[in-house]
Every structure is written in C-alpha cells, then in structure tokens.
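Under our numbering, think of the first position of the first sequence as 11, with each following residue one higher. Every residue, glycine too, gets a C-beta built ideally from N, C-alpha and C. Have a look at the structure below, then the notes.
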Amino acid sequence: MPELPEVETIRRGVEPHVLGRSIVAVTVRDARLRWPIPAGFADYARGRSIAAVRRRGKYLIFDLGGDRILLHLGMSGRLYLLNPDEPLRRHDHVDLLLSGDLLLRFHDPRRFGAVLPWPAADSDHVLVAGMGPEPLEDDFSTAYLFRESRGRSAAVKNFIMDGRVVVGVGNIYASEALFRAGIRPTVPAGRVTLPRYQKLVEAIRHVLLTAIERGGTTLRDFRGSRGESGYFQNELTVYGRDGERCRVCGTPIRRLVIGQRASYYCPVCQK
DNA sequence: AGTGCGGCCTGTCCGC
DNA sequence: TGCGGACAGGCCGCAC
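Shown next, in the form of structure tokens:
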C-alpha cells in the first residue's frame, strides 16, 4: 500500500496522539507477519513510553527512549488510533493499548507488514542498515544519483525504486517522477545524462512533497490513522491512466510491465 | 556486484 | 451468480 508520502502522512497523524503515552498492554493476535513477531514482544514493549515516532524510508520507528519498535505496513497495512472498546475486525493483528484510553491498532490483510523489536543495544537493524539516502534530505543529490547510476544497465525506473539507491520511491511515485522529468522508464540508468538526473531529483522531491501535502494517494485502501483519505490521486499524471490522454500533449498514456511492476508513461513527453 | 525473478498473503475486480 | 485468473502501492532472498 503505502509509499513514503503515505507513511509520512501516517507518522504525522499518529505522533501527536501517542507522544508521552505509555504502552499499558500489548495483544498479538497473529504473529505471522512478513517476519514473525518474536514471542517476547509484548514483554519488550509493555510499560514503555513513546518518546517519538520517526520514519526511515517506509519504516516507522517508535522510539521508546532507547529501545525502539520497527513497523512496516507492507502493501496492505494500516495503523489506527481508536477507542479501546472498538470492535475487532478481521486482520487486526496487533494492539498497543496506550495510557489515557487510546488504542493503537495494526491491521494488515496481506501480512506483508512487520512489527519488530529494535533494542537500543543494536545500533543498527538489519532491515534499515544499508538503506540509501532519504529523498527529501540533502544527501540525495544530482551528483549522488548520477554517480550511483554509472555502469548500471537496469531500467531507470527500477534504479530509483531500489532502496539501496534511495528509499521511499515506490511504484506510483516512480512513474509520476519520471513523467515530470520527461524520462522514459525503460531507459538504462547508466545512460541517463547528468542534466536529466538533475530534473529527476527535482521531480522526485516535488512529487513526494506534493503528495505529503495532499495526505498521500488513496487508490484502493490507503487511509490515514483516523481513516481519512489522501488526495494526491486527483493529481496523478500517468499512474493508472493507460489509454487516457496525457494532460500535457493529449497522447494516450501507455502501460507496460518493468520488473514485474506496472509502469505508465507518455510516449511523446518521455524520451 | 548487479540484475531479475519468485514468493509471501488476501481482497477485489473483470471476463466468461 | 459463480468461478478462475489477473492484479494490487513492498521488498527480501536467491540464482545467475
């Protein structure tokens, strides 16, 4: 489900409500997520208070004052802020009951998500070690992306979706950024010129920032922590628009599969 | 080392 | 209305 803007939307929605609250009780109804929730997780989390909610790529990090909880929403995960008496629904896998009668509930039909302890003693976690720069930080630069791309034969779309290159750019925003930069998604990353990478870096930043401002993209089931829809889907230029006219030149948008993922582009605007 | 593919899961939608 | 198949916004692990 969520790419960086959706995860950031959730982070911003959740953090002010949970900050300073302690975890009173933990219920794990189904531990079979992408990685099993360890048996000791409830004991690990109980009694701790939440000092911050951070984001790294598409991971949410609940800072318990040193120790952390690492949480990923996968494709279909949702995080809800609820009253403690909220009825249980299918796929409600983990509950964190917080002080002051607030329930933080993890719901994930496909179970591609993850909820894992990240002890303070482990300076790095294997799942976030080796990740590329944040696309909205300064170390994600034209020079960096150009340098990383040299000699790479993979399609530029796959290249910018590679989390070791840059985090948080998923299938929707990769297509959108490449349209904005005028680059065809199939071009080998190593053949894209420096000026075009400059446009691409600008485009990735613009698309992600705009999507965050709109509260993310709701296509199927993305919702914020209070169940609200995002609005960026109204501004999609190519994603999911195959056969419809390009908003710039009127040419029908094309769909093709790159790396087993649907990709959309305008054959005239993108070379 | 970089690349591409399979697989993890359930829900939904589309065509027959 | 029922059924099978394709597809879905992520990403690790593996073979080449």
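Rounded straight-line distance, which links the Cα of residue j to that of residue i
i, j, result
"S273", "I33", "42 Å"
"A52", "S235", "22 Å"
"G23", "I60", "15 Å"
"Y154", "V175", "9 Å"
"R190", "H216", "9 Å"
"R162", "F156", "10 Å"
"R99", "C259", "46 Å"
"I193", "L266", "15 Å"
"P12", "P145", "16 Å"
"L114", "P262", "44 Å"
"G253", "G180", "22 Å"
"L229", "L70", "21 Å"
"G67", "P97", "32 Å"
"D40", "P127", "16 Å"
Assumed close pair residue i, residue j - CB separation to whole angstroms, cut-off 8 Å
i, j, result
"V177", "G142", "5 Å"
"P15", "L218", "6 Å"
"V278", "E186", "Actually they are not in contact, since the Cβ atoms of V278 and E186 sit about 17 Å apart, beyond 8 Å."
"V36", "R56", "5 Å"
"R31", "L112", "6 Å"
"A124", "L43", "5 Å"
"H135", "H117", "About 23 Å; that fails the 8 Å criterion."
"G285", "R160", "No answer is possible for residue 285: it lies beyond the span of the chain, which begins at 11 and ends at 281."
"V17", "L83", "7 Å"
"G50", "N168", "Not quite, the Cβ-Cβ distance comes to about 38 Å (not below 8 Å), so this is no contact."
First through last residue of the beta strand (DSSP E) which encompasses residue i
i, result
"L81", "R78 to H82"
"F122", "No beta strand (DSSP E) holds F122; DSSP gives it neither H nor E."
For residue i, the residue or residues it bridges with in DSSP
i, result
"I268", "R271"
"W128", "R78"
"T37", "D105"
"A165", "P198"
"Y90", "R115"
"I71", "R64 and L80"
"S32", "S59"
"R255", "P262"
Selected residue, minimal CA-CA separation from residue i, among the options
i, options, result
"Q208", "T152, V248 and G250", "T152"
"V28", "D73, A165 and V125", "D73"
"E223", "A213, L229, Y241 and R233", "Y241"
"G110", "Q280, L91, G237 and L229", "L91"
"P195", "E158, C276, A62 and L89", "C276"
"R78", "I214, G237, K167 and A130", "A130"
"P46", "R201, E158, G225 and R121", "R121"
"P94", "G87, G84, D105 and S86", "D105"
Residue range of the alpha helix (DSSP H) that includes residue i
i, result
"I182", "N181 to A191"
"D53", "F51 to A55"
"H216", "L204 to E223"
"F156", "T152 to S159"
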